[in-house]
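Chains as they are written, first to last, in our numbering: chain A, 1 to 355; chain B, 356 to 710; chain C, 711 to 1065; chain D, 1066 to 1420.
Glycine included, each C-beta is placed from N, C-alpha and C at the ideal position.
Quick notes on the structure that follows.
Structure representation (structure tokens):
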């Protein structure tokens, strides 16, 4: 069986490199086109990328000639976008008009009511928004979005608890890795021996995206965002990869830590049932050691597609229904490229392009 | 006027070195005795210490011969203790019995009802517990304690808000520096490119000590701990010095961020009125830039004796009375040696040894 | 075919963990016994080790009960030693007396004339010293040593050049990783934002071991150390794994950088011919990018068993025969456990225990 | 006496900030004009600078309005340039034409025969090149240059040895701090847990500048570069500030380490004799501890204007005249802004603008 030809836009950035890495070993997809900034166009991928992953550049991609984001060839079926926000919307809409299925990591359009914002294990049914999208837009193709990195990791750990006990209030403090800002986003002089307690626009993204992802898709094809009070404080720490989040939740119904750990540990969803190639066998790994999760030790769990939860504890002083835990996930794999690929698999499997 | 002769126990550790650094320039106190582990006894301080501060070893101390913790000479008036927990209680009690005033950074005895646990700007009146201590114990001297580093920084920022608006609920996530565990406490292989989301015994200390410090001294000479629900999550991050704390509080009365910033910025207390030499002119510095405080830039504010607060914001989704802020303080200066010296100054000034 | 039962001593340290990791997937060897300090004895390996590698503890070892270094069972054939220097000699000699083949990473005895100090691709023939060892010592077993980590990496890159052009003078400046000092050897407070330009005893080891390894085994069974003037300066840098070495050599015969790169790139030796399981297909990888090798990107090349060389340049100002290059290798894999396993493979294959 | 009005160009960068910091406390100079990129023009300095030094922005400069590099007011006497190489030459020449004395940290023009490249303690007499410069160029003002950061530190430690014993051969391996590439020059993702063994154009600068600085000014007003074979390898390490250099020299006459230490320790030169305000009392500090210098502990020695030398040892195997040492200096103070200010002081004191 032939592989599905795909393209990666923004292929030289950090998320772009993760796309290349994941897709180079993919059983269904084959990268046949890469695009980056104009100054790279016409050159070989291996000659323009500052490759920073410890695996070598995949041979099949190394020799591709870098093209423009506007010249994606017609025979490409799925376009993965790791474009910067400034140009993402323009390019992605033009590609969707031309008929491509665009799976995008860029933030613009994520909150559009007819664009599915997917964390596949959590809200795979939202993919049905594509029907609404088709009706409303004059596009021959589609746009699907993966959430902000912090939100992917958060909602994957929240969903099993939310489903079982309900959540009334949510407070999150994050410690986010350098790679979250891209290859050159955080100058070493600013973060070495330091923490920066602020990340531009991040907190609003986490609040709004979390509510959309945990929202219900109505029969009329609309996602009703979850009505959930959220407070988020995001910080940047001197860690290469792996976002850590300290989560405090007030559940609707009382739950014991041991029950929550059971539910998280056993959580499986449609991607696991469909055996999608990039779906981790355990979306949530629970560690019982009191000093886990740790970014360096846990970020590659499940090939970077699982999140790791630890320190599930009752905050007794605050009341019976307050629980805390710490969750850690790989921000450029689970939090970006990996989830986008998982979305493309879900789309391929469920929307007819069966594989 | 002659200086008051003081001793430093545990003088070669990180807090010990900070004691030496602060005291070497002190207008009232003069270090005349240093003690460390038995294997250093009899050698010159400069020859046994692995001095890691960027100022050189003060000349007046470099040549002192290191003695035993059991041989503090009688003419010493104040003994500063940076002893490890394992031996602190035994040594400190024996010194208090002999008549020394011991100001200690070690955790044992901090929660004893007749031992003042002092963060001078916050609860200087608790020094009156010394009268109870004198009555109850067969000691010729005294023991006074400074709080755990995280607690000093937290309560200095909390007190002005608590005094004005009351606090009903408190949640804190900390990102603590390597130096909090001492010179050799955190192996580089475990913390480089990593976070450890757990610090042994730290969370309970913060909860119990905060309630004691914010508690009221009754006329009967008893501190009634504040009844305040607290949740604390402590983590270790790859930062040399400076503990950062993300603080969420539910105030009793509604307060606007601008009011809180005013109150913090203008907070002064007895140490400032008495012009104690180590008291910072501004105990709390408020930064309005959205990306401050930062450990490397703010830890030495007020010579390391001020804490810096930023990101004072209302968490509107949680309700009118929820406020968040980020506070940063130098954990081995304000959080340890500096506060201990400030306590000794308060003691000297108010308990009769006037200077 | 049954696997050969092996033991790992010092199994909980960093090199010990690398032994466990490498051996758990080994086609010939099976870890059946692990030993560590007395306080761990009797407990399960998984319960006493502070496992810090990103792969999980291998299941086959996790449940082994930790034993004493003195109680290695008789059915073990090869004992891998990652013991601290202080006790290594005593234990290893006693095991060799009892009949075990001990392959050791510990420094004592490395310079003994009848103990082979092996970097298999470089001096595999020195294994014949075992005959001398057998004659001279009253041992039923053997002791074989791998070199110091810096020396392994250095000599693997030097040997092909030495063989082809001869070397008259050697100067090396190293930048060594934290893990070289073991799990707790370098406190984070001392190395963060810092370099320590000194490593205890390291420079002498590099000089003497390099000369022994490059020395010739005479027909009379003696290794004549190479007569080569060496200057070495070793430093510790804030890098987790991977020693970098800047090497300046004066060759006996003039050589062009391009020739040297060819020779390095094509270097193969007995371990490659014998297809020993742990032998990398390319012992030396040459990178032509001007900013390589880099520790984080290159340390795992060849599963951590290859060294990577870059910046091969002529130092024209010094004369026609001066060459510089930069070499990087994984200090706890190629520089320790990996090379020890490779030695055991060489021993097994060539000394009769055929597999 | 009124202070001399000075300007700082490139005032918002890292070297620019160091200029502001040093000049704000200067007894002779007063910053009256600051310039930065066009997009900052017209705004207050405090509002456009991303100030990253731990001392606060000096009040006297915070409120200056940022101007253009082309609009330096006529009443400014000395212009300090921290401009990027791309525009430095154009701007500096145009300012010199207009009559300003430009003291520049930018690399262009450093090797021009009539432009003094000054490390004041080493070659203060080269300032007499200004007479040649005046004759040859149609400028009303002057241009003076400080050397590349690595070269300043190197030559300050070399000069006393060179003067006494002569140097026949020089080899240097550097470990350079992040700040050497400016505020945003080194992305954190590339240098965390890593070393980059290459710095663009750096090695050639060190070789050529060192020879010019150590060269002799002839009576005919020409600097004859020293004829000295040099090999340099430069690397970037994860250290904030402070370049470390491992230096190997072959002296012309044999010298003992103890003699060299004496000579370095006692080295003084014209800046010390003239008591120039920024001249350190000891240009070279010798540490005898075997693990010094260290960047974090030694970079601020002499207010960042001294270099620290350690590990002075004879490399006996290479021959009687080979010496090694390790030198460390603050790259943006001694290596840039501080030396530029020292040059301006030397110029002011010796060229007639007496103060």
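CB contact flag (residue i, residue j, <8 Å)
i: residue 578 (chain B); j: residue 571 (chain B); result: yes
i: residue 329 (chain A); j: residue 161 (chain A); result: no
i: residue 141 (chain A); j: residue 95 (chain A); result: yes
i: residue 1095 (chain D); j: residue 1068 (chain D); result: yes
i: residue 1317 (chain D); j: residue 1349 (chain D); result: no
i: residue 1131 (chain D); j: residue 1106 (chain D); result: yes
i: residue 294 (chain A); j: residue 533 (chain B); result: no
i: residue 1034 (chain C); j: residue 953 (chain C); result: no
i: residue 666 (chain B); j: residue 197 (chain A); result: yes
i: residue 865 (chain C); j: residue 944 (chain C); result: no
i: residue 696 (chain B); j: residue 464 (chain B); result: no
i: residue 1247 (chain D); j: residue 1118 (chain D); result: no
i: residue 1410 (chain D); j: residue 1341 (chain D); result: yes
i: residue 1335 (chain D); j: residue 1189 (chain D); result: yes
is_contact[residue i, chain B] using C-beta, thresh 8 Å
i: residue 1112 (chain D); result: no
i: residue 169 (chain A); result: yes
Short CB-CB distance (under 8 Å) between residue i and chain D
i: residue 829 (chain C); result: no
i: residue 178 (chain A); result: yes
i: residue 967 (chain C); result: no
i: residue 883 (chain C); result: yes
i: residue 1014 (chain C); result: no
i: residue 1003 (chain C); result: yes
Spatial neighbours of residue i in its chain, beta-carbon cut-off 6 Å, leaving aside the 5 residues before and after
i: residue 355 (chain A); result: Bear in mind that the predicted position of residue 355 (chain A) carries a pLDDT of just 43, short of 50, making it unreliable; the figure below should be weighed with that in mind. Taken in chain order, the residues that qualify are 28 and 348.
i: residue 1166 (chain D); result: 1143, 1206 and 1207
i: residue 901 (chain C); result: 948
i: residue 744 (chain C); result: 718, 721, 755, 774 and 776
Short CB-CB distance (under 8 Å) between residue i and chain A
i: residue 675 (chain B); result: no
i: residue 686 (chain B); result: no
i: residue 505 (chain B); result: no
Close beta carbons around residue i, own chain, < 8 Å, minus the five adjacent residues each side
i: residue 63 (chain A); result: 44, 45 and 46
Below-8 Å beta-carbon distance, residue i vs any chain C residue
i: residue 1353 (chain D); result: no
i: residue 1231 (chain D); result: no
i: residue 1326 (chain D); result: no
7 Å Cβ shell around residue i - same chain, five flanking residues per side excluded
i: residue 526 (chain B); result: 586 and 603
i: residue 724 (chain B); result: The structure shown does not extend to residue 724 (chain B), since chain B is modelled only from 356 through 710, so no value can be given for it.
i: residue 389 (chain A); result: Any answer about residue 389 (chain A) is impossible in this case: the structure gives chain A only from 1 up to 355.
i: residue 132 (chain A); result: 114 and 221
Quiz item: Are the segment 661-677 of chain B and the segment 226-233 of chain A in contact at 8 Å, needing three or more beta carbon pairs?
Solution: yes
Quiz item: Do the segment 1251-1259 of chain D and the segment 1308-1328 of chain D meet, that is, are 3 or more Cβ pairs less than 8 Å apart?
Solution: no
Self-check item: Segment contact, 8 Å Cβ cut-off, at least three pairs: the segment 809-818 of chain C with the segment 854-868 of chain C
Solution: yes
Quiz item: Between the segment 328-342 of chain A and the segment 293-309 of chain A, do three or more beta carbon pairs fall short of 8 Å?
Solution: yes
Quiz item: Given 8 Å as the limit, is there contact between the segment 1131-1150 of chain D and the segment 1179-1194 of chain D, that is, 3 or more CB pairs closer than that?
Solution: no
Exercise. Could you name the residues of the segment 894-906 of chain C whose beta carbon sits closer than 7 Å to any beta carbon of chain A, in the order they occur along the chain?
Key: 902 and 903
Quiz item: What residues from the segment 405-424 of chain B come within 9 Å of chain C, judged by C-beta to C-beta, listed N to C?
Solution: 405 and 407
Exercise. Return the residues of the segment 1268-1289 of chain D that lie within a Cβ-Cβ distance of less than 7 Å from chain B, sorted by chain order.
Key: none
Quiz item: Along the segment 1290-1314 of chain D, what residues have a CB closer than 7 Å to any CB found in chain A?
Solution: 1303 and 1305
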